[in-house]
Amino acid sequence: MDFEGKVALITGGGSEKGIGRATALKLSERGATVILADVNGEGAKKVAEGIKKDGGNAIGITIDVTDYKQVNETVKQLKDEHGKIDILVNNAGISRPTRVLDITEDEWDLVFDINMKGLFFVTQAVLKSMKEEKYGRVINLSSVSGKRGGGIFGGSHYSAAKAGVTGFTKAIAREMAEFNITCNTVAPGLVGGTNITGGLLTEEAEKEIIKSIPLKRVGSVDDIAYSIAFLASEEAGYITGEELDINGGSHID
Numbered sequence: 001m002d003f004e005g006k007v008a009l010i011t012g013g014g015s016e017k018g019i020g021r022a023t024a025l026k027l028s029e030r031g032a033t034v035i036l037a038d039v040n041g042e043g044a045k046k047v048a049e050g051i052k053k054d055g056g057n058a059i060g061i062t063i064d065v066t067d068y069k070q071v072n073e074t075v076k077q078l079k080d081e082h083g084k085i086d087i088l089v090n091n092a093g094i095s096r097p098t099r100v101l102d103i104t105e106d107e108w109d110l111v112f113d114i115n116m117k118g119l120f121f122v123t124q125a126v127l128k129s130m131k132e133e134k135y136g137r138v139i140n141l142s143s144v145s146g147k148r149g150g151g152i153f154g155g156s157h158y159s160a161a162k163a164g165v166t167g168f169t170k171a172i173a174r175e176m177a178e179f180n181i182t183c184n185t186v187a188p189g190l191v192g193g194t195n196i197t198g199g200l201l202t203e204e205a206e207k208e209i210i211k212s213i214p215l216k217r218v219g220s221v222d223d224i225a226y227s228i229a230f231l232a233s234e235e236a237g238y239i240t241g242e243e244l245d246i247n248g249g250s251h252i253d
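Numbering (full-length UniProt numbering), first residue to last: 1 to 253.
Structure (structure tokens):
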């Protein structure tokens, strides 16, 4: 997978332990210029600095994906600076374990604003540039929760939002195929070491979960990042509208 000369925008890239950082490393070590965008701009800059120390080309910026004006202004600025955006990884997300009877309207809106509306804002803005270039790779982060209905650390609002991401992805894949733009989804199972679980993945809980996973381990950020890198590559150019399950076999149909 050669990304020399490619420009990649990765949202939610401000965590030292996250999928965004791992994906940025995979792309940058193969030649891409990676732009890490996060509401935690200092975190994104810190991650970018670490990648640069390892010889990669990375930039960290601040972005609130739920702010339509900011998203469009930022994407325009990035296009002006870099000439194009070849790859978009919509990784920004938030989870809440709240049970359906306890979900407030504010919490419902928060989960949907970040996981679904923010993803729409960024995708729409970037697609305009990709359409002009007649090339693009869009990879959206969904979740096993969006397939099975809920999950260990995600409530019904999270599940509904991630299911929405999958449907949105398939529709975009149909609309943009004529412009040589692919759009796919990765749906991770439980991934250890990230902030998405909110500290709820205790050692005891992990042992119990592993019992139901055929490969007998939880996923790693590298498992997810490598899969994203493949879908972002030239070699995956005939794959679009698909959902790649990455769960160690825990939900084999």
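Backbone N, C-alpha and C fix where the C-beta goes; we use that ideal spot for every residue, glycine too.
7 Å Cβ cutoff met for residue i and residue j
{"i": "residue 27", "j": "residue 91", "result": "no"}
{"i": "residue 37", "j": "residue 59", "result": "no"}
{"i": "residue 212", "j": "residue 250", "result": "yes"}
{"i": "residue 278", "j": "residue 22", "result": "Look at the range of the chain in this structure, 1 to 253, and you will see that residue 278 is not part of it."}
{"i": "residue 24", "j": "residue 34", "result": "yes"}
{"i": "residue 228", "j": "residue 89", "result": "yes"}
{"i": "residue 240", "j": "residue 177", "result": "yes"}
{"i": "residue 130", "j": "residue 87", "result": "no"}
{"i": "residue 115", "j": "residue 161", "result": "yes"}
{"i": "residue 4", "j": "residue 31", "result": "yes"}
Contact set for residue i: own chain, Cβ-Cβ below 7 Å, skip 5 residues either direction
{"i": "residue 70", "result": "63 and 64"}
{"i": "residue 218", "result": "190, 191, 192, 206, 209 and 210"}
{"i": "residue 226", "result": "26"}
Rounded separation between residue i and residue j - CA only
{"i": "residue 186", "j": "residue 209", "result": "21 Å"}
{"i": "residue 134", "j": "residue 127", "result": "10 Å"}
{"i": "residue 112", "j": "residue 150", "result": "15 Å"}
{"i": "residue 77", "j": "residue 136", "result": "18 Å"}
{"i": "residue 100", "j": "residue 108", "result": "10 Å"}
{"i": "residue 169", "j": "residue 183", "result": "6 Å"}
{"i": "residue 121", "j": "residue 46", "result": "25 Å"}
{"i": "residue 243", "j": "residue 50", "result": "31 Å"}
{"i": "residue 80", "j": "residue 154", "result": "38 Å"}
{"i": "residue 156", "j": "residue 166", "result": "15 Å"}
{"i": "residue 94", "j": "residue 119", "result": "12 Å"}
Sequence-distant residues of its chain with Cβ nearer than 6 Å to residue i (five each side left out)
{"i": "residue 125", "result": "71, 72 and 75"}
{"i": "residue 236", "result": "230"}
{"i": "residue 20", "result": "10, 12, 13 and 91"}
{"i": "residue 179", "result": "131 and 134"}
Cross-strand partners of residue i (DSSP beta bridge)
{"i": "residue 288", "result": "Residue coverage of the chain in this structure runs from 1 to 253, which leaves residue 288 outside it and unanswerable."}
Close-in-space but distant-in-sequence residues of the same chain around residue i (CB under 8 Å, 5 per side omitted)
{"i": "residue 247", "result": "144, 187, 188, 189, 190, 213 and 219"}
List in chain order: all unbroken alpha helix (DSSP H) runs of 4+ residues lying wholly within the segment 213-238. 221-231
At 3 residues or longer, what runs of the beta strand (DSSP E) sit wholly inside the segment 28-56? 33-38
In chain order, which continuous runs of the alpha helix (DSSP H) of length 4 or greater are located wholly inside the segment 56-134? 68-82, 105-112 and 118-133
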